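Chains A and B are the protein sequences, given in the same order.
Residue 127 in the numbering used here sits at position 77 of the first sequence, with consecutive numbering throughout.
Residue 88 in the numbering used here sits at position 38 of the second sequence, with consecutive numbering throughout.
There are 2 protein chains.
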Amino acid sequence: MARYQVGIRTEARILEAARELLGELGLDGTTLKAICERAGVRVGSFYNLFDSKETVVLRVVAEAIAAVDPDPAHLGTETLNELVEAYIAFVTRDPTVARIYVQIAVSGALNSGDLHHRIQRHHEQRADRFRAAMQRDDPALAAGEATERTEILLATLNGLAFRAALDSEFDFARHARAVTG
Amino acid sequence: MARYQVGIRTEARILEAARELLGELGLDGTTLKAICERAGVRVGSFYNLFDSKETVVLRVVAEAIAAVDPDPAHLGTETLNELVEAYIAFVTRDPTVARIYVQIAVSGALNSGDLHHRIQRHHEQRADRFRAAMQRDDPALAAGEATERTEILLATLNGLAFRAALDSEFDFARHARAVTG
DNA sequence: TTCAATTTTGATTGTACACTCTAATTTGAG
DNA sequence: CTCAAATTAGAGTGTACAATCAAAATTGAA
C-alpha cells in the first residue's frame with residue numbers, strides 16, 4: 051500500500067472528471083478517453099488507479115446517493131419524510147446521475163450478474179429503511195401492511211423519477227411530496 | 051413500390067429474429083450480425099429493407115405495445131381497468147421487451163432528440179387515455195384531479211414495472227391490481 | 001541520500017460495431 | 001418471354017471503444 055499523495059490527487063481528479071462528464075454527456079458520452087482528457091491523465095495512469103471504467107462510474111453514483119443520506123451512520127432515527135426528501139434531493143440535485151442509475155439498473159438487469167445483485171440489494175436495503183421509518187411513524191402499523199405500502203411508495207417515487215428523466219419540466223418534488231402525505 | 055413476396059417474407063424473418071434476440075439477449079446482445087445470422091440474411095439485404103438497426107428495434111417494441119391495446123381503433127370506450135390490464139399484459143408477457151422500452155427511454159433521453167420526443171409523446175398519449183377512462187368511470191371527477199391521479203397511477207405502474215425488471219420473482223400483476231383498487 | 005514502491009507515460013492491441021457499395025441474381029407484371 | 005425493378009450477396013469501410021504493457025519518471029520513508 052503506502053499511497054503517494056500525487057496518486058491520491060490523481061484519483062480525485064479522475065473521479066471529478068467522471069462526475070462532470072456523466073452530468074454533461076450521460077453514460078454513453080462518458081468514455082475512457084474523455085475522462086482521461088478532462089482529468090489530464092494518460093490511459094495507463096487511469097488503469098493504475100482503477101480496475102475498469104465501470105468502477106469509476108459506480109463510485110460516482112454511489113457517492114451521489116450517499117451525499118443525500120439523512121442517516122449516514124445508520125442510527126435508525128430517520129423519519130419517512132426525511133427519506134422521501136433525500137430521494138427528492140438525489141433526483142433534483144443531479145438529474146443526470148439519477149437517470150444513469152436507472153440506466154445501469156435496467157441494462158445491467160440481463161447481463162453482469164454481479165451488478166444486478168448489487169442493485170437489487172441496494173433496493174432491498176432502501177426498502178427496509180423506508181419500512182422501518184414507516185413503522186416508527188406509526189407503531190400500530192402491521193409489518194405486512196408496512197411492507198406493502200413501502201413497495202408501492204417506492205414504486206411511485208421511482209416512476210416519478212423516471213417521468214422526470216423524460217421531461218425536465220416535470221415537477222418531481224411536488225408530486226413526490228403529494229404521495230407522501 | 052411493388053414489393054416482391056420474397057422481400058416481404060425476408061422482412062418478416064428479420065423482425066422475428068430481432069424479436070427473439072431482444073427477448074433472449076436484451077438490447078446490447080441484439081447486434082446487427084446476430085439479427086442477420088438468425089434471419090439467414092446477409093447484412094446488405096438487411097439494409098435494403100430497413101434504414102437502421104434502430105428502426106427494427108423500435109418496430110418490435112411498438113408492435114409489442116400495440117398487441118395488448120384494449121382499443122386499437124381508438125373508439126374511446128376502454129375502461130381504466132382495461133388499460134391497467136393492458137399494461138400488465140405488456141409487462142408480464144414479454145418482460146424483456148418492457149425492460150428494453152425503459153432502457154431506450156432512459157438512454158435516449160439525453161441524446162437523439164427525435165427519439166426522446168417520440169417517447170414523451172407516447173407517454174402523453176397514454177396519460178390522456180388513462181385520464182379519459184378515469185373520467186368516464188367517474189363523471190363527477192374534476193379534470194385537474196383526474197390529471198393528478200393519472201400522473202400518480204402511471205408513475206406507480208412504471209415504478210412497479212421497473213421493480214419487476216430488477217427482480218423476476220416480483221409479482222407485478224398483483225401489485226398493479228392493488229393500486230387500482 | 002538511498003532505493004524500493006508507486007505513479008506516469010504513450011504506443012499498442014484487439015475487438016465489436018453499424019453501416020456502405022457494387023455487382024450478381026431473382027422476381028413477377030405486362 | 002422480356003426486362004425493369006426488387007432483392008441478395010459479400011467483401012469492405014470506418015470508427016470508437018476498453019484495456020494492456022514495458023519502460024521511464026517520481027515519490028517519500030528510513
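No residue lacks a Cβ here, since even glycine has one placed at the ideal position from N, Cα and C.
Source: prediction; values computed, not measured.
Just to make sure I have the definition right: I need the residues of chain A whose C-beta is within less than 8 Å of the C-beta of residue i. Which are they?
| i | result |
| --- | --- |
| B:Gln153 | Gln153, Val156, Ser157 |
Closer than 7 Å by beta-carbon distance: list the chain B residues that pair up with residue i, in chain order.
| i | result |
| --- | --- |
| A:Thr206 | Ile202, Ala205, Thr206, Gly209 |
| A:Val229 | Ile202 |
Here's the rule I'm using: 16 or more other beta-carbon atoms within 10 Å means buried, otherwise exposed. How should residue i be labelled?
| i | result |
| --- | --- |
| A:Val56 | exposed |
| B:Asp178 | exposed |
| A:Gly126 | exposed |
| B:Glu113 | exposed |
| B:Glu201 | buried |
| B:His225 | buried |
| B:Thr81 | exposed |
| A:Tyr137 | buried |
| A:Asn98 | exposed |
| A:Ser157 | buried |
| A:Asp164 | exposed |
| A:Asp144 | buried |
What residues from chain A crowd round residue i, counting only those whose CB sits closer than 7 Å?
| i | result |
| --- | --- |
| B:Leu216 | Ala155, Ala159, Ile169, Gln170, His173 |
Could you tell me how far apart the beta carbons of residue i and residue j are, in whole angstroms, since I believe they sit closer than 8 Å?
| i | j | result |
| --- | --- | --- |
| B:Ala139 | B:Val118 | 4 Å |
| B:Val232 | B:Ala68 | Since the first and last residues shown for chain B are 51 and 231, residue 232 of chain B lies out of range. |
| A:Ile58 | A:Ile85 | The pair is not a contact, with the Cβ atoms about 17 Å apart (cut-off 8 Å). |
| B:Thr230 | B:Val134 | 5 Å |
| A:Gly252 | A:Ile150 | Residue numbering for chain A in the displayed model covers 51 to 231; residue 252 of chain A lies beyond these limits and cannot be assessed. |
| A:Arg181 | A:Ala196 | 5 Å |
| B:Leu210 | B:Phe222 | 6 Å |
| A:Ala215 | A:Ala148 | 7 Å |
| A:Glu128 | A:Ala190 | The Cβ separation is near 20 Å, so there is no contact. |
| A:Val91 | A:Thr60 | 6 Å |
| A:Thr146 | A:Gly73 | 5 Å |
| A:Arg88 | A:Leu71 | 6 Å |
| B:Phe212 | A:Phe212 | 7 Å |
| A:Glu132 | A:Pro122 | At roughly 12 Å, the Cβ-Cβ gap does not stay under 8 Å, so A:Glu132 and A:Pro122 are not in contact. |
| A:Gln175 | B:Asp217 | With 8 Å as the limit, A:Gln175 and B:Asp217 do not qualify as a contact, their Cβ atoms being about 14 Å apart. |
| B:Asp187 | B:Leu108 | No, B:Asp187 and B:Leu108 are not in contact; Cβ-Cβ is about 32 Å, not under 8 Å. |
Chain B partners of residue i, CB-CB under 8 Å?
| i | result |
| --- | --- |
| A:Arg213 | His173, Glu201, Leu204, Ala205, Asn208 |
CB of residue i to nearest heavy atom of the ligand COA: below 7 Å?
| i | result |
| --- | --- |
| A:Thr142 | This structure simply doesn't include the ligand COA, nor any ligand for that matter. |
Which runs of the alpha helix (DSSP H) spanning at least 4 residues fall entirely within the region 157-187 of chain B, listed in chain order?
163-187
Given a limit of 8 Å on CB to CB distance, which residues of the region 107-130 of chain A reach chain B?
none
Would you list, in chain order, the members of the region 167-183 of chain A that have their beta-carbon closer than 8 Å to a beta-carbon of chain B?
Ile169, Gln170, His173
Give the list of continuous alpha helix (DSSP H) stretches no shorter than 4 residues that lie fully inside the region 102-159 of chain A.
103-116, 130-143, 145-157
At 4 residues or longer, and completely inside the region 71-106 of chain B: list those alpha helix (DSSP H) runs for me, N to C.
82-89, 93-99
4-residue-minimum alpha helix (DSSP H) runs that sit fully inside the region 202-229 of chain B, ordered along the chain:
none
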